[in-house]
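Numbering (this note's numbering), first residue to last: 659 to 1020.
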């Protein structure tokens, strides 16, 4: 598989689609025989892949089965779910514990790993040590919406390779610059995008949209640029993509890509776009450096409120984020960072259900 080649396979069976993709990639020519191989899915929370939030386990299983047949032994699965979520629970409920038992593949909860400090993109960053021990990193993101960056795919999935304290710091830095800097240091050797049924409204799932494809590429920036094109976005609409390209992590110029459809006869006729629901709901919010888990829970709570309840916040906005630490004043405030506001809801992060009840009752 060439550096600037993108492979696309269409269908509805993630395992069978992965098998076809791997045959086209000819993976054994990319991976040294004694390599330590890490697979990084997107297990943002303990939600089944059918919700549009997490990577289908059949994709990871097909990759592991392929590698085992080819004689590769040093394989592990690694992930760190978003702030406040239990990675071990996500491994279990998303179907990865079964895979680990069947193929004797370790599950690495990066929340419990020791970070290493590196310098990249003009920034000092912390990356989980186990990630840096891999010789060949296979990135398995989901193509879906994100309430703060519009899109999450190849580059943003790498944020699961850093400790929770660093995740909070990234939000304080505005997300885009540190994500780009991370991608310039931690570059996956292969990315296989799960675009079977990602949620195009919210990153935590619940509104899956059938897209019926997997996308593979060696250049993660190019993969994200292609993902943008599928959704009708310019890469500039997701600033970390252009930033990553400028830092040398890859190219965002799709004219340089060779796009190969493995089975074009199965290509779905329908198109799809981001719904923009999260951005519309965010108009009720004053956000300052909010972490994705907290902000995502708030957006989901607003989505679940009825129209009359939402209208109450059109004037006095709901406040959320690290930027409200130590500040006093009128609320409503969401999360521990807003404890100086009145009223406020504690939690780090509070659940969407708790936020909905709080907002409905104040």
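Built from N, CA and C at the ideal position, the CB exists for glycine as well. What you are looking at is a predicted structure, and each value in this text was computed from that prediction instead of being measured.
Contact between residue 676 and residue 722 is ruled out by a C-beta separation of about 10 Å, above the 8 Å threshold. DSSP places residue 717 in the uninterrupted alpha helix (DSSP H) bounded by 715 to 727. Scanning its chain for C-beta atoms nearer than 6 Å, with the 5 sequence neighbours on each side dropped, one finds around residue 793 the residues 693 and 694, in chain order. Between the segment 665 to 680 and the segment 696 to 703, the count of C-beta pairs closer than 8 Å stays below three; the two stretches do not touch.
Between residue 855 and residue 819, the C-beta spacing is not below 7 Å. Here residue 674 is exposed, its C-beta having fewer than 16 other C-beta atoms within 10 Å.
By the Cβ criterion, the segment 975 to 985 is in contact with the segment 944 to 963, since at least three pairs of Cβ atoms, one from each stretch, lie closer than 8 Å. Around the Cβ of residue 797, a 10 Å sphere holds 16 or more other Cβ atoms; the residue is buried. The beta carbon of residue 901 sits closer than 7 Å to the beta carbons of 834, 835 and 838 from its chain, once the five residues preceding and following it are set aside; these are given in chain order.
Contact check between the segment 766 to 779 and the segment 855 to 869: fewer than three CB pairs, one atom from each, fall below 8 Å, which does not count as touching. Taking 4 residues as the shortest admissible run, the segment 764 to 816 contains the following complete alpha helix (DSSP H) segments, listed from N- to C-terminal end: 787 to 790 and 812 to 815.
With 16 or more other CB atoms across the displayed protein chains lying within 10 angstroms of its CB, residue 719 is buried. Inter-residue distance for residue 883 and residue 927 is about 21 Å (C-alpha atoms, whole angstroms).
Straight through space, the alpha carbons of residue 687 and residue 930 are spaced by roughly 34 Å. Take residue 1005, set aside five residues on each side of it, and the residues of its chain with a beta-carbon closer than 7 Å to its own are 993, 994 and 1012, in chain order.
DSSP places residue 874 in the uninterrupted beta strand (DSSP E) bounded by 871 to 875. Closest option to residue 780, judged by alpha-carbon separation, among 959, 906 and 987: 906.
In the displayed model, residue 661 falls within coil according to three-state DSSP, outside both helix and strand. When secondary structure is reduced to three states using DSSP, residue 754 falls in the helix class. Within a 10 Å sphere around the beta-carbon of residue 916 sit fewer than 16 other beta-carbons, which makes this residue exposed.
Judged by beta-carbon spacing, residue 893 lies within the 7 Å limit of residue 910, meaning their Cβ atoms are closer than that value. DSSP places residue 878 in the uninterrupted alpha helix (DSSP H) bounded by 878 to 888.
Shown here, residue 1018 sits in a helix according to DSSP, grouped into three states. For residue 1007, the closest of 742, 791 and 841 by C-alpha to C-alpha distance is 742. In the displayed model, residue 708 falls within a helix according to three-state DSSP. When the five nearest sequence neighbours on each side are left out, the beta carbons in the same chain lying within less than 7 Å of the beta carbon of residue 1001 are those of 989, 990 and 1020, in order along the chain. Beta bridge pairing from DSSP links residue 668 with 871. The beta carbon of residue 958 sits closer than 7 Å to the beta carbons of 860, 862 and 1010 from its chain, once the five residues preceding and following it are set aside; these are given in chain order. Within its own chain, the residues whose Cβ lies closer than 7 Å to the Cβ of residue 747, once the five positions on either side in sequence are excluded, are 704, listed in chain order.
A Cβ-Cβ contact shorter than 7 Å links residue 1003 with residue 1016. Beta-bridge pairing by DSSP links residue 944 to 977.
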